[in-house]
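Peer 1: Just dropping this structure here.
Dropping the structure here:
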């Protein structure tokens with residue numbers, strides 16, 4: 002008998018009722034009889050036992066066969082319960098810790114540090130929408146690294162160009178990890194990219210049509226880094242084509258033309274962007290520098 006105050010009760014306790022129903026109906030024996038003998042084994046599950054175990058795993062919210070083992074060991078989750086909170090109590094113009102962000106939205110800014118291989122969040126914090134996440138990022142990365150189990154290889158922290166800051170890079174290195182951060186495009190980056198010899202480009206691993214090369218670029222005041230640049234080759238099949246057929250609509254033809262060619266057109270309405278933004282024709286810089 003299971004009581005409501007049983008300390009072993011978890012959010013998946015309803016599976017006990019499912020298991021009892023399966024037993025009373027003789028479902029496992031029925032499946033085994035229908036499937037028939039596949040292979041005689043001294044251990045493991047029969048066909049019926051496997052199907053029932055898989056169904057119970059899915060009913061418990063699992064994505065993998067090992068999720069039931071995790072649920073049994075999750076003693077902290079057993080003490081948690083769902084709490085209904087009205088939206089008015091959690092969001093509003095006077096809500097503490099929110100502010101207008103760069104997009105004009107009044108919001109908070111969630112900062113998550115995840116273990117990429119496992120897809121698990123190891124550290125998190127919430128800032129106001131107008132807070133710069135770079136200054137406190139080093140402390141949060143340090144907290145995340147402390148959560149990793151011992152015996153692992155040296156971790157690598159990856160971040161987008163929003164964390165292109167020397168203080169962030171130094172904080173990660175001081176915490177005992179490598180760092181790979183996207184670079185913000187500027188004139189120095191463009192010069193370094195254009196100075197890469199054509200023979201230096203190599204096919205990128207697991208990236209169709211992409212090439213990578215190392216550029217001679219280190220921002221002033223930074224520790225020694227490697228600037229890895231990726232470029233994409235244009236597909237020989239023009240955009241807009243479908244099963245060998247090309248559309249003839251004027252707008253579709255305009256979209257298929259390379260941007261540099263469009264902006265070279267003296268009658269193109271956006272030709273001024275090339276001058277104002279200093280656009281560089283040809284392949285763009287997608288990522289870098291990476292250690």
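Numbering (our numbering), first residue to last: 2 to 292.
Yeah, the Cβ is synthetic: ideal placement off N, Cα and C, and Gly gets one too.
Taking Cβ positions, are residue 129 and residue 114 nearer each other than 7 Å?
Peer 2: No, they are not a contact pair.
Peer 1: Would you kindly check if the distance between the Cβ of residue 57 and the Cβ of residue 29 is under 7 Å?
Peer 2: Result no, Cβ atoms of residue 29 and residue 57 do not sit closer than 7 Å.
Peer 1: Using 8 Å as the threshold, is the region 156-165 in touch with the region 133-147, meaning 3 or more CB pairs across them?
Peer 2: Yes, the region 156-165 is in contact with the region 133-147.
Peer 1: Put residue 34 into one of helix, strand or coil per three-state DSSP.
Peer 2: Residue 34: helix per DSSP, three-state reduction.
Peer 1: Look at the alpha carbon of residue 264 and the alpha carbon of residue 121, and state the distance between them as a whole number of angstroms.
Peer 2: Below a pLDDT of 50, predicted positions are generally treated as unreliable, and residue 264, at 47, falls in that range; the measurement from the model is reported next regardless. Those two C-alpha atoms are separated by around 45 Å.
Peer 1: Relative to the C-alpha of residue 48, which residue among 34, 60 and 59 is closest?
Peer 2: Nearest option by C-alpha distance: 34.
Peer 1: Exposed or buried, which one is residue 261 when buried takes at least 16 other CB atoms within 10 Å?
Peer 2: Because the pLDDT at residue 261 is just 49, under 50, the model does not fix this residue reliably, and the value given afterwards should be weighed accordingly. Under this definition residue 261 is an exposed residue.
Peer 1: Where residue 13 and residue 61 are concerned, what is the direct C-alpha to C-alpha distance, given to the nearest angstrom?
Peer 2: Each residue's Cα considered, the two are about 6 Å apart.
Peer 1: Comparing C-alpha positions only, which one of 159, 37, 102 and 190 sits nearest to residue 131?
Peer 2: Minimum Cα distance to residue 131 is reached at 102.
Peer 1: Return the chain-ordered list of same chain residues with a C-beta closer than 8 Å to the C-beta of residue 203, the five sequence neighbours on each side being excluded.
Peer 2: Correct list, in chain order: 212, 213 and 214.
Peer 1: Is it buried or exposed for residue 169, if we count other Cβ within 10 angstroms and need 16 for buried?
Peer 2: Under this definition residue 169 is a buried residue.
Peer 1: Distance check for residue 26 and residue 19, CA to CA, integer angstroms please.
Peer 2: Their backbone Cα atoms lie some 11 Å apart in a straight line.
Peer 1: Go ahead and pull the three-state DSSP assignment for residue 137.
Peer 2: The answer is helix: DSSP assigns residue 137 an H, G or I state.
Peer 1: Roughly how many whole angstroms lie between the Cα atoms of residue 46 and residue 226?
Peer 2: So the alpha carbons of these two residues sit roughly 53 Å apart.
Peer 1: Output needed for residue 222: all residues of its chain with C-beta closer than 8 Å, excluding positions within five of it in sequence on either side, in chain order.
Peer 2: Excluding residues within five positions, the ones whose Cβ falls inside 8 Å are 167.
Peer 1: Residue 200: which of 161, 216, 187 and 85 sits nearest, CA to CA?
Peer 2: Per the Cα distances, 216.
Peer 1: Round the Cβ separation of residue 179 and residue 157 to the nearest angstrom and send it over; I've been treating them as touching at under 8 Å.
Peer 2: With 8 Å as the limit, residue 179 and residue 157 qualify as a contact, their Cβ atoms being about 4 Å apart.
Peer 1: Just how far apart, CA to CA, sit residue 207 and residue 54?
Peer 2: Residue 207 and residue 54: Cα-Cα distance of roughly 36 Å.
Peer 1: Could you have a look at residue 169 and say whether DSSP puts it in helix, strand or coil?
Peer 2: Here residue 169 sits in helix by DSSP.
Peer 1: Between residue 218 and residue 197, what straight-line distance do the alpha-carbon atoms span, to the nearest angstrom?
Peer 2: Those two C-alpha atoms are separated by around 11 Å.
Peer 1: Taking buried to mean at least 16 other C-beta atoms within 10 Å of its own C-beta, is residue 152 buried or exposed?
Peer 2: Exposed, since its Cβ has fewer than 16 Cβ neighbours within 10 Å.
Peer 1: Compare the beta carbon distance of residue 126 and residue 141 with 7 Å and say whether it is the shorter of the two.
Peer 2: Taking 7 Å as the Cβ cut-off, residue 126 and residue 141 qualify as a contacting pair.
Peer 1: Verify the CB distance criterion: does residue 199 have a CB-CB separation below 7 Å to chain C?
Peer 2: You won't find chain C in this structure, because it holds only one protein chain.
Peer 1: Tell me which residues share the same chain as residue 224 and place their Cβ nearer than 6 Å to its Cβ, disregarding the 5 neighbours each side in the sequence.
Peer 2: Contacts found: none.
Peer 1: Return the CA-CA distance between residue 99 and residue 234, expressed in angstroms with no decimal places.
Peer 2: Straight-line Cα distance between these residues: approximately 43 Å.
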